[in-house]
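Chemist:
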Amino acid sequence: MEFKDYYQILGVERDATAADIKKAYRKLARRYHPDVSKETDAAARMAEVNEANTVLSDPEKRAAYDALGRAAPHQAGQDFRPPPHWDAGFEFTGAPGGGQGMDGAEFSDFFEQLFGQAARARRPGGASAQGGGAQRGRDHHARIELDLRDAYHGAERMLTLHGARLDDGGRLVNEERQLQVSIPKGVREGQLIRLGGQGGPGLGGAPAGDLFLEVQFKPDTRWRAEDRDVYQSVTLAPWEAELGGPVEVETPGGSTVEVTVPARWKPGRKLRLKGRGIPAATPGDLYLELHVALPPAATDAQREAYRALAQAFPHFQPRTTQGT
Numbered sequence: 000m001e002f003k004d005y006y007q008i009l010g011v012e013r014d015a016t017a018a019d020i021k022k023a024y025r026k027l028a029r030r031y032h033p034d035v036s037k038e039t040d041a042a043a044r045m046a047e048v049n050e051a052n053t054v055l056s057d058p059e060k061r062a063a064y065d066a067l068g069r070a071a072p073h074q075a076g077q078d079f080r081p082p083p084h085w086d087a088g089f090e091f092t093g094a095p096g097g098g099q100g101m102d103g104a105e106f107s108d109f110f111e112q113l114f115g116q117a118a119r120a121r122r123p124g125g126a127s128a129q130g131g132g133a134q135r136g137r138d139h140h141a142r143i144e145l146d147l148r149d150a151y152h153g154a155e156r157m158l159t160l161h162g163a164r165l166d167d168g169g170r171l172v173n174e175e176r177q178l179q180v181s182i183p184k185g186v187r188e189g190q191l192i193r194l195g196g197q198g199g200p201g202l203g204g205a206p207a208g209d210l211f212l213e214v215q216f217k218p219d220t221r222w223r224a225e226d227r228d229v230y231q232s233v234t235l236a237p238w239e240a241e242l243g244g245p246v247e248v249e250t251p252g253g254s255t256v257e258v259t260v261p262a263r264w265k266p267g268r269k270l271r272l273k274g275r276g277i278p279a280a281t282p283g284d285l286y287l288e289l290h291v292a293l294p295p296a297a298t299d300a301q302r303e304a305y306r307a308l309a310q311a312f313p314h315f316q317p318r319t320t321q322g323t
């Protein structure tokens, strides 16, 4: 996937005002609109211009895009993959999963990876006329990162959310706010936590919208979650893997359990601990994925032990299909 420099596409500086962006877009639209342009690549260029304008004319998307560029600088056309959860903590107007507006618009893989289908068509969630000009505030949403262990016990977390607006001169102003949030026990990845009244302000005395926090678990080399099931990597010594026996394992829930490893380890083997996944009325399971680690031979005695091992298995062929 290629990195898209939206500022370069519109031909504006990175500190461009909203008026600068609007002017540049209109100029390029007159040049590349397929109905009037004689350029051979007019349709492709117009789609590219529309995409750049979609991001840079939206203060929230623009702020997130700018932050990504600072965190992972790239030149236009370079191969690019966004870091995991790159947009965690950015607050957007609209409820998750909006589905109207800009129907039929075509966007690049780069845009889809960053903002996705819902992000380009966010609905002004919750806004509704209530008579006398009163209007409920728009819903907002943001993705947040939590530790998997928060799902086991629940937690109180102080979260910092990043937003953006335009000042009176049309320049982008980054904003942030902090919220104390109760994380419920048993929360799953992708679940929405609703904070009533924490969205956009209402008009004419109407109530504020709500804020929806979409849960993501921080990447962790020790474990990962799939729905309510949890997969945990457990490293074995060679003798534990071959001979089997009891080993102690610290679970994501914080407890230490003793499990019996079957003899004759095989790649891909898992041990299932029923009910030790994410808590719920019907909890998930914990799957221990077994791996083998070789101890380093740092001393003469340790190197001699490896030589003795080689002599004990003279017919072992590690590079055959079976490895036995």
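Just so you know, we're using numbering that gives the first Met the number 0 here: the sequence shown kicks off at 0 and counts up by one.
All residues carry an ideal CB built from backbone N, CA and C; glycine is no exception.
Since the structure is predicted, the reported quantities are computational estimates derived from the model, not experimental observations.
Where residue 12 and residue 64 are concerned, what is the direct C-alpha to C-alpha distance, given to the nearest angstrom?
Modeler: Walking along the sequence shown from the start, residue 12 turns up at place 13. Walking along the sequence shown from the start, residue 64 turns up at place 65. Rounded to the nearest angstrom, the two C-alpha atoms are 14 Å apart.
Chemist: Secondary structure at residue 215, three-state DSSP: helix, strand or coil?
Modeler: As a working mapping, residue 215 is identified with position 216 in the sequence shown. Of the three classes helix, strand and coil, the one that applies to residue 215 here is strand, per DSSP.
Chemist: How is residue 238 classed by DSSP in three states: helix, strand or coil?
Modeler: Here residue 238 refers to the residue found at position 239 of the sequence shown. In the structure shown, residue 238 sits in a helix (DSSP, three-state: H, G or I).
Chemist: If we ignore side chains and look at the alpha-carbon of each, how far apart do residue 186 and residue 282 end up?
Modeler: If you number the sequence shown from 1, residue 186 lands on position 187. If you number the sequence shown from 1, residue 282 lands on position 283. Their Cα atoms are separated by approximately 11 Å.
Chemist: Would you mind sorting residue 23 into buried or exposed? The rule is 16 or more other CB atoms within 10 Å of its CB.
Modeler: Locating residue 23 in the sequence shown gives position 24, counting from the first residue. Classification of residue 23: buried, given that the 10 Å Cβ count is 16 or more.
Chemist: Considering only residues of the same chain and omitting the five flanking positions on each side of residue 291, which have a CB-CB separation below 8 Å?
Modeler: Numbered from 1 along the sequence shown, position 292 holds the residue referred to as residue 291. Excluding sequence neighbours, residue 291 sits near 234, 235, 236, 237, 240, 264.
Chemist: Run the CB neighbour count on residue 173, radius 10 Å, all protein chains shown included, and call it buried at 16 or more, exposed below.
Modeler: One-based indexing of the sequence shown puts residue 173 at position 174. Result: exposed.
Chemist: At which residue ranges does the stretch 147 to 230 contain complete beta strand (DSSP E) runs of 3 or more residues, listed in the order of the chain?
Modeler: DSSP runs (the beta strand (DSSP E)) wholly in the stretch 147 to 230: 154 to 165, 171 to 182, 191 to 194, 210 to 216, 222 to 225.
Chemist: Relative to the C-alpha of residue 219, which candidate in 145, 184, 208, 245 has its C-alpha closest?
Modeler: As a working mapping, residue 219 is identified with position 220 in the sequence shown. Taking only the C-alpha atoms, the option nearest residue 219 is 145.
Chemist: Rounded to whole angstroms, what is the Cα-Cα separation between residue 147 and residue 141?
Modeler: Reading the sequence shown from its first residue, position 148 is the one you call residue 147. Reading the sequence shown from its first residue, position 142 is the one you call residue 141. Spanning the two alpha carbons is a distance of roughly 18 Å.
Chemist: Between residue 178 and residue 191, is the Cβ-Cβ spacing less than 8 Å?
Modeler: Translated into the one-based positions of the sequence shown, residue 178 becomes position 179. Translated into the one-based positions of the sequence shown, residue 191 becomes position 192. No, the pair does not count as a contact, with Cβ atoms beyond the cut-off.
Chemist: Could you tell me the distance, in whole angstroms, from the CA atom of residue 165 to the CA atom of residue 19?
Modeler: Against the sequence shown, residue 165 aligns to sequence position 166. Against the sequence shown, residue 19 aligns to sequence position 20. Residue 165 and residue 19: Cα-Cα distance of roughly 13 Å.
Chemist: Return the residue from the list 66, 78, 73, 94 that minimises the CA-CA distance to residue 86.
Modeler: Locating residue 86 in the sequence shown gives position 87, where the first residue counts as 1. Measuring from the Cα of residue 86, the nearest candidate turns out to be 66.
Chemist: Quick one: grab the DSSP three-state call for residue 78.
Modeler: Position 79 of the sequence shown, counting from 1, holds the residue named residue 78. Strand.
Chemist: Give me, in chain order, the residues of the same chain whose beta-carbon lies closer than 7 Å to that of residue 42; leave out the 5 immediate sequence neighbours on both sides.
Modeler: To locate residue 42, count along the sequence shown from 1; it is residue 43. Excluding sequence neighbours, residue 42 sits near 33.
Chemist: So the candidates are 4, 217, 40; which of them puts its Cα closest to the Cα of residue 88?
Modeler: For this step, residue 88 is matched to residue 89 along the sequence shown. Ranking 4, 217, 40 by Cα distance to residue 88 puts 217 first.
Chemist: Check whether the stretch 248 to 257 touches the stretch 268 to 286, counting contact only when three or more Cβ pairs, one atom from each stretch, lie closer than 8 Å.
Modeler: Cβ pair count under 8 Å is three or more, so yes.
Chemist: Which of the three DSSP states is assigned to residue 115 in this structure?
Modeler: Within the sequence shown, residue 115 is the residue found at index 116, counting from 1. Helix, per DSSP.
Chemist: Expressed to the nearest angstrom, what Euclidean distance is found between the alpha-carbon atoms of residue 296 and residue 313?
Modeler: Within the sequence shown, residue 296 is the residue found at index 297, counting from 1. Within the sequence shown, residue 313 is the residue found at index 314, counting from 1. Each residue's alpha carbon lies about 20 Å from the other.
Chemist: In the structure shown, what three-state DSSP assignment does residue 134 receive?
Modeler: Taking the first residue of the sequence shown as 1, we reach residue 134 at position 135. Of the three classes helix, strand and coil, the one that applies to residue 134 here is strand, per DSSP.
Chemist: DSSP on residue 319, reduced to helix/strand/coil?
Modeler: The sequence position of residue 319 within the sequence shown is 320, counting from 1. In the structure shown, residue 319 sits in coil (DSSP, three-state: anything other than H, G, I, E or B).
Chemist: If we ignore side chains and look at the alpha-carbon of each, how far apart do residue 45 and residue 37 end up?
Modeler: Here residue 45 refers to the residue found at position 46 of the sequence shown. Here residue 37 refers to the residue found at position 38 of the sequence shown. Spanning the two alpha carbons is a distance of roughly 12 Å.
Chemist: Quick one: using the 10 Å Cβ neighbour count with 16 as the cut-off for buried, is residue 175 buried or exposed?
Modeler: In the sequence shown, residue 175 corresponds to position 176, counting from 1. Answer is exposed; the Cβ neighbour count stays below 16.
Chemist: Go through its chain and collect everything with a Cβ distance to residue 16's Cβ below 7 Å, but skip five positions before and after it.
Modeler: Taking the first residue of the sequence shown as position 1, residue 16 is located at position 17. Excluding residues within five positions, the ones whose Cβ falls inside 7 Å are 168, 169, 170.
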